[in-house]
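Undergrad: Once you've had a glance at the structure underneath, I'll fire off some questions.
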Amino acid sequence: MNLAPANDPILEIRHVSRTYKFNGGLMKPAHSVKALQDVSISIERGQTLGLVGESGCGKSTLASIMLGLNKPDSGEVLVDGKPVLSLGPLQRSQLIQPVFQDPYSSLNPAFSVYDTLMQPLRIHRSEAQDRPRRIMDMLDKVGFPRQLANARPGELSGGQCQRVAIARALILNPPLLICDEPTSALDVSVQAQVINLLLDLKREFGLSMVFISHNLAVVEHLADKVCVMYRGQIAEEASREALFANPQHAYTKELLSATLLPV
Amino acid sequence: MSKVLEVNNLRVDIPTEQGTVHAVKGISFSLNQGETLCLVGESGSGKSMTALSIVGLQTPRARVTAERLELLGKPLNSLSQRQLNQLRGKDVAIIFQDPMTALNPTLTIERQMTEGVMRHEGVRRQDARTRAIDLLNKVGIPQATERLYQYPHQFSGGQRQRIMIAMALMGKPSLLIADEPTTALDVTIQAQILDLIRTLATELDFALLMITHDFGVVAAMADRVSVMYGGKIVESGPACEVLKSPQHPYTQGLIACIPVPGRTTPGSRLPVIDHEKLAVKELS
Amino acid sequence: MTTLNTPIAAITAISTEAAPRRPHWIKRCRQNSILIGGGILLLMTLVALCAPLLSSYDPTLQNLDARYSLPFWMEGTDPAHLLGTDHLGRDYLSRLIYGARISLGIGFSVVLVAALIGTSLGLLAGYFGGKVDMLISFLITTRLSLPIVLVALAAVALRGASLTTLVTVLGLLVWDQFAIVARSGTLAIRHQEYIRAARATGASHLRIMLREILPNLRSTLIVIATLEMANVILLESALSFLGLGVRPPTPSWGLMIAEGRDSILFDAWLIALPGGMLCLLVLAVNLFGDGLRDLTGTEVKR
Numbered sequence: 000m001n002l003a004p005a006n007d008p009i010l011e012i013r014h015v016s017r018t019y020k021f022n023g024g025l026m027k028p029a030h031s032v033k034a035l036q037d038v039s040i041s042i043e044r045g046q047t048l049g050l051v052g053e054s055g056c057g058k059s060t061l062a063s064i065m066l067g068l069n070k071p072d073s074g075e076v077l078v079d080g081k082p083v084l085s086l087g088p089l090q091r092s093q094l095i096q097p098v099f100q101d102p103y104s105s106l107n108p109a110f111s112v113y114d115t116l117m118q119p120l121r122i123h124r125s126e127a128q129d130r131p132r133r134i135m136d137m138l139d140k141v142g143f144p145r146q147l148a149n150a151r152p153g154e155l156s157g158g159q160c161q162r163v164a165i166a167r168a169l170i171l172n173p174p175l176l177i178c179d180e181p182t183s184a185l186d187v188s189v190q191a192q193v194i195n196l197l198l199d200l201k202r203e204f205g206l207s208m209v210f211i212s213h214n215l216a217v218v219e220h221l222a223d224k225v226c227v228m229y230r231g232q233i234a235e236e237a238s239r240e241a242l243f244a245n246p247q248h249a250y251t252k253e254l255l256s257a258t259l260l261p262v
Numbered sequence: 000m001s002k003v004l005e006v007n008n009l010r011v012d013i014p015t016e017q018g019t020v021h022a023v024k025g026i027s028f029s030l031n032q033g034e035t036l037c038l039v040g041e042s043g044s045g046k047s048m049t050a051l052s053i054v055g056l057q058t059p060r061a062r063v064t065a066e067r068l069e070l071l072g073k074p075l076n077s078l079s080q081r082q083l084n085q086l087r088g089k090d091v092a093i094i095f096q097d098p099m100t101a102l103n104p105t106l107t108i109e110r111q112m113t114e115g116v117m118r119h120e121g122v123r124r125q126d127a128r129t130r131a132i133d134l135l136n137k138v139g140i141p142q143a144t145e146r147l148y149q150y151p152h153q154f155s156g157g158q159r160q161r162i163m164i165a166m167a168l169m170g171k172p173s174l175l176i177a178d179e180p181t182t183a184l185d186v187t188i189q190a191q192i193l194d195l196i197r198t199l200a201t202e203l204d205f206a207l208l209m210i211t212h213d214f215g216v217v218a219a220m221a222d223r224v225s226v227m228y229g230g231k232i233v234e235s236g237p238a239c240e241v242l243k244s245p246q247h248p249y250t251q252g253l254i255a256c257i258p259v260p261g262r263t264t265p266g267s268r269l270p271v272i273d274h275e276k277l278a279v280k281e282l283s
Numbered sequence: 000m001t002t003l004n005t006p007i008a009a010i011t012a013i014s015t016e017a018a019p020r021r022p023h024w025i026k027r028c029r030q031n032s033i034l035i036g037g038g039i040l041l042l043m044t045l046v047a048l049c050a051p052l053l054s055s056y057d058p059t060l061q062n063l064d065a066r067y068s069l070p071f072w073m074e075g076t077d078p079a080h081l082l083g084t085d086h087l088g089r090d091y092l093s094r095l096i097y098g099a100r101i102s103l104g105i106g107f108s109v110v111l112v113a114a115l116i117g118t119s120l121g122l123l124a125g126y127f128g129g130k131v132d133m134l135i136s137f138l139i140t141t142r143l144s145l146p147i148v149l150v151a152l153a154a155v156a157l158r159g160a161s162l163t164t165l166v167t168v169l170g171l172l173v174w175d176q177f178a179i180v181a182r183s184g185t186l187a188i189r190h191q192e193y194i195r196a197a198r199a200t201g202a203s204h205l206r207i208m209l210r211e212i213l214p215n216l217r218s219t220l221i222v223i224a225t226l227e228m229a230n231v232i233l234l235e236s237a238l239s240f241l242g243l244g245v246r247p248p249t250p251s252w253g254l255m256i257a258e259g260r261d262s263i264l265f266d267a268w269l270i271a272l273p274g275g276m277l278c279l280l281v282l283a284v285n286l287f288g289d290g291l292r293d294l295t296g297t298e299v300k301r
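Chains as they are written, first to last, in numbering that gives the first Met the number 0: chain U, 0 to 262; chain D, 0 to 283; chain S, 0 to 301.
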């Protein structure tokens with residue numbers, strides 16, 4: 000995939016800014032933090048965008064804004080050509096779904112795996128007699144053993160939890176997946192499994208993906224295009240090959256040199 | 000070179016309601032002065048339990064047995080709890096993954112840094128303070144004289160880890176145990192902290208036992224490496240050799256499953272460790 | 000664990016002396032407190048439910064010929080009345096049994112009302128935060144500053160004593176624990192990733208509160224409910240004793256104690272029996288609640 004002008008963008012972020020205000024309290028003055036400043040990104044259908052940056056650079060705020068869970072101060076986000084904020088929650092959730100970092104806190108401990116996957120189907124009032132089959136099919140697709148369908152998150156390993164979280168995100172068949180550091184809380188061997196799974200699913204469903212991470216090596220493996228964020232702004236945006244071969248921004252260079260590799 | 004730590008057939012058993020968990024199943028290693036050993040393993044491999052049991056900080060329920068567990072020739076397993084307390088923070092120090100929970104939020108850095116040496120070595124407050132400022136400068140905390148009187152929350156995550164390191168070095172330990180000291184930090188900060196630990200280890204000539212799950216850290220830090228799996232050491236050797244030509248299938252899998260720009264083809268499936276096959280091999 | 004068969008003798012456990020293993024009896028105590036408390040509670044509930052089958056007299060039936068008949072362990076008792084009769088000749092056993100109905104019934108229904116109010120307020124405050132939280136926290140603080148017995152007395156005095164008034168007034172007064180616990184629990188859960196995931200699948204706020212958050216608070220709330228119930232049972236008795244609770248001739252243990260007050264020097268058993276029952280019930284509920292709390296690992300501030 001190359002960086003041709005986005006003919007058919009699945010996601011467009013246009014000049015998004017977001018400032019958080021804190022009214023300091025009695026002794027502290029009020030202050031504000033510019034989490035995002037004029038961020039613009041577009042992703043073509045079927046493409047994977049890697050979003051890299053250190054903690055506090057605005058990655059997660061941007062993820063929330065993409066999902067329509069957080070309102071930008073200015074600018075807009077278009078999913079499939081439609082402003083995400085104009086969509087109802089049901090429409091929106093059929094277009095875009097998240098996978099989060101912490102495999103344990105992203106699953107409700109009160110629900111079994113089966114119930115977790117049942118929730119989206121209930122909310123979307125899907126065909127009732129079809130639901131068990133869809134759930135089991137999805138569990139097969141993410142490589143989660145069917146016989147564990149009634150287990151609770153507490154009885155599962157981190158990798159298994161993350162598989163369930165991915166299954167929940169995909170059960171509504173969204174064309175776009177936002178993965179917010181989905182492997183950084185996992186062991187490296189489990190990380191490899193989750194990366195493989197995401198690659199397989201991307202191929203099978205023709206998914207577009209935003210892959211947020213601080214691990215450049217993982218991003219290099221998964222992404223077609225990479226955006227490096229620094230202090231709420233896009234520091235550098237380039238295709239994978241270009242970014243790793245010839246980084247432009249000083250921060251990108253620092254990130255590349257700081258990445259530890261087993262060689 | 001003198002031997003700092005000698006561990007022979009160390010076992011840690013934790014009795015639980017479902018029966019005894021053998022967290023560490025008889026491992027042996029030793030560490031010389033000025034040397035860095037990395038204990039590598041994934042969660043549940045027993046690597047942290049090993050580190051904690053060396054300094055007697057394991058969970059109270061756990062039972063630690065060893066044929067030999069010697070620090071500077073002194074057998075650790077015949078010491079009383081009080082003698083162990085004496086030892087911790089003096090001959091051996093430990094730094095943890097999360098610097099925020101390891102520092103007491105209600106005490107100034109000065110109090111937390113000087114308390115140990117004043118008690119262990121009977122150093123006067125003024126001298127302890129000088130030593131603390133000296134170390135803070137060394138770990139790269141600017142304006143150490145003023146910042147000494149601040150509280151942990153006034154420092155950033157990376158700075159807190161630097162303070163933890165300075166605090167660990169107050170008693171001039173011969174052995175520093177670092178339990179995943181950079182896992183909670185950003186990549187750039189991680190590189191800085193590792194760099195700092197390496198420089199200090201050369202300068203102050205202490206032995207370093209580094210616990211990690213990341214072969215990237217091993218490549219950056221270790222002289223020797225021991226790979227733990229299921230409570231046992233499955234492979235050890237000089238770091239560069241193990242990284243270049245790992246012998247045990249688990250080590251091979253662990254190194255191969257990390258994507259490396261230039262080595263792995265982007266978008267290709269990564270090799271995955273077959274735990275079932277490994278478990279069978281380990282049992283037989 | 001087997002000791003290692005090694006030639007080196009110095010195999011010693013480092014930490015056995017410093018290992019305060021949780022003694023077995025503590026655990027057994029916890030289980031026992033649930034069993035004993037739960038057993039007594041279950042027995043009393045069964046007795047209360049089957050009251051008409053168990054008692055051979057109408058608890059309000061007066062028989063002035065048989066006043067102050069003595070219970071079975073004293074001399075000169077009337078075998079027809081196992082636990083004797085009171086100053087109006089009413090069968091004391093029947094009154095005790097029917098009294099259990101009142102105590103347990105009021106306990107259950109008040110806790111139900113309070114749980115409904117408190118949990119909804121706590122969920123709203125914790126989930127929405129900001130101004131909603133400020134308002135509800137103010138309500139909680141206001142409620143905590145009201146002396147329950149005084150307010151209940153005033154309300155009952157104004158509205159007139161009746162079962163419904165009593166349940167409503169007490170229900171409106173003891174919801175604070177539920178609200179506090181539900182609020183702090185919700186606050187802790189609200190930022191979990193599964194809540195964000197639920198919102199991303201299009202779940203409404205109401206659905207998230209009821210389906211995603213509430214199940215996680217369930218065990219804590221049940222513990223609070225049992226502990227509050229003991230509280231309410233005592234309150235009801237206190238109010239009935241003061242003549243502002245259950246109206247005579249309905250048998251309530253508090254009322255029975257009040258009625259027996261005149262003969263405390265001559266027939267102390269008239270007070271001792273309902274008082275003992277009250278103690279036993281409250282003890283059972285507390286034991287059960289404490290055991291449940293320990294078992295579920297719930298922290299409850301009392």
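From the three backbone atoms N, C-alpha and C, an ideal C-beta is built for every residue, glycine too.
Source: prediction; values computed, not measured.
Give the DSSP-derived three-state secondary structure of Tyr228 of chain D in the structure shown.
TA: It is a strand residue.
Undergrad: Strictly below 9 Å CB to CB, what residues from chain S border Ser31 of chain U?
TA: Under the 9 Å cutoff, chain S gives no residues; its nearest Cβ is about 17 Å from Ser31 of chain U.
Undergrad: Looking only at DSSP bridge pairs, what is Ile94 of chain D linked to?
TA: D:Ala177
Undergrad: Report back the beta-carbon spacing between Gly115 of chain D and Gly88 of chain D to the nearest angstrom; my notes put them in contact at under 8 Å.
TA: Yes, they are in contact, since the Cβ atoms of Gly115 of chain D and Gly88 of chain D sit about 4 Å apart, within 8 Å.
Undergrad: Taking the CB atoms as reference points, tell me whether Leu30 of chain D and Ala206 of chain D lie closer together than 8 Å.
TA: yes
Undergrad: Please list the residues of the region 100-119 of chain U that have a C-beta atom closer than 7 Å to any C-beta atom in chain S, keeping them in chain order.
TA: Here the close residues are Asp101, Ser104, Ser105, Leu106, Asn107, Pro108, Ala109, Gln118 and Pro119.
Undergrad: Examine the ligand FMN and report whether any of its heavy atoms sits within less than 7 Å of the Cβ of Gly261 of chain D.
TA: In the structure shown, the ligand FMN is absent, as is every other ligand, since no ligand is present at all.
Undergrad: Given that a residue counts as buried once 16 or more other Cβ atoms are within 10 Å of its Cβ, and exposed if not, what is Thr140 of chain S?
TA: exposed
Undergrad: So what's Arg158 of chain S in DSSP terms, helix, strand or just coil?
TA: Look at Arg158 of chain S here: in three-state DSSP terms it is helix.
Undergrad: For the structure I just gave you, are there three or more beta carbon pairs, one from the region 52-66 of chain S and one from the region 121-133 of chain S, closer than 8 Å?
TA: no
Undergrad: Assuming contact is defined by CB atoms lying nearer than 8 Å, are Pro248 of chain S and Thr59 of chain S in contact in what I supplied?
TA: yes
Undergrad: If you draw a straight line from the C-alpha of Ile188 of chain S to the C-alpha of Arg198 of chain S, how long is it?
TA: 14 Å
Undergrad: Just the Cα atoms here: how many angstroms apart are Cys278 of chain S and Arg217 of chain S?
TA: Between the C-alpha atoms of Cys278 of chain S and Arg217 of chain S there is a straight-line separation of about 28 Å.
Undergrad: Kindly identify the DSSP beta-bridge partner or partners of Arg62 of chain D.
TA: In the DSSP output, where bridge partners are listed per residue, Arg62 of chain D has D:Asp12.
Undergrad: Quick one: which chain U residues come within Cβ less than 9 Å of Arg195 of chain S?
TA: Within chain U, the residues Ser63, Leu66, Leu68, Pro97, Phe99 and Ser105 have their CB atoms less than 9 Å from the CB of Arg195 of chain S, given in chain order.
Undergrad: Closer than 8 Å, CB to CB, is Thr200 of chain S near chain U or not?
TA: yes
Undergrad: Span of the alpha helix (DSSP H) holding Asn195 of chain U?
TA: Val187 to Phe204
Undergrad: Just tell me which of U:Val209, U:Val227 and U:Leu66 has its CA closest to the CA of Pro88 of chain U.
TA: U:Leu66
Undergrad: If you check the beta carbons only, do Cys160 of chain U and Pro173 of chain U fall under 8 Å apart?
TA: no
Undergrad: Just how far apart, CA to CA, sit Ile26 of chain D and Gly43 of chain D?
TA: 15 Å
Undergrad: Per DSSP, what are the beta-bridge partners of Ala264 of chain U in this structure?
TA: Not covered by the structure: residue 264 of chain U. The range shown for chain U is 0 to 262.
Undergrad: Is the Cβ of Glu192 of chain S closer than 8 Å to any Cβ of chain C?
TA: Protein chains U, D and S are contained in the structure displayed, whereas chain C is not.
Undergrad: Run through DSSP, which three-state label would Gly156 of chain D get?
TA: helix
Undergrad: Does the Cβ of Val262 of chain U have 16 or more other Cβ atoms within 10 Å, making it buried, or fewer, making it exposed?
TA: exposed
Undergrad: Spatial neighbours of Ile233 of chain U within its chain, please: C-beta separation below 8 Å, excluding the five flanking residues on both sides.
TA: Val38, Ser39, Ile40, Cys226 and Val227
Undergrad: Looking at C-alpha atoms only, which residue of S:Glu74, S:Gly242, S:Ser54 and S:Arg210 is the closest neighbour of Arg100 of chain S?
TA: S:Ser54
Undergrad: Taking the alpha carbon of Glu34 of chain D as the point to measure from, which residue in D:Arg262, D:Arg268 and D:Ile196 has its own alpha carbon closest?
TA: Considering only alpha carbons, the answer is D:Ile196.
Undergrad: Suppose you measure from the CA of Gly261 of chain D to the CA of Ala216 of chain U; what does that come to, to the nearest Å?
TA: One Cα belongs to Gly261 of chain D, the other to Ala216 of chain U, and the distance between them is close to 10 Å.
Undergrad: I'd like the ranges of any alpha helix (DSSP H) spanning at least 4 consecutive residues and lying wholly in the region 67-133 of chain U.
TA: Complete alpha helix (DSSP H) runs here, min 4: 88-94 and 112-122.
Undergrad: Spell out whether any CB of chain U is found under 8 Å from the CB atom of Arg223 of chain D.
TA: no
Undergrad: Under 8 Å between the Cβ atoms of Ala113 of chain S and Val173 of chain S?
TA: Ala113 of chain S places its beta carbon less than 8 Å from that of Val173 of chain S.
Undergrad: Establish whether the CB of Ile254 of chain D and some CB of chain U are separated by less than 8 Å.
TA: Yes, because at least one Cβ of chain U sits closer than 8 Å to the Cβ of Ile254 of chain D.
Undergrad: So Thr258 of chain U contacts chain D; which residues on that side make the cut at Cβ distance below 7 Å?
TA: Val186
Undergrad: Output needed in chain order: residues of the region 191-206 of chain U with a Cβ under 7 Å from some Cβ in chain D.
TA: Ala191, Gln192, Ile194, Asn195 and Leu198
Undergrad: Is there a Cβ from chain U that is less than 8 Å from the Cβ of Asn62 of chain S?
TA: no
Undergrad: Return the chain-ordered list of same chain residues with a C-beta closer than 8 Å to the C-beta of Cys256 of chain D, the five sequence neighbours on each side being excluded.
TA: Leu269, Pro270, Val271 and Ile272
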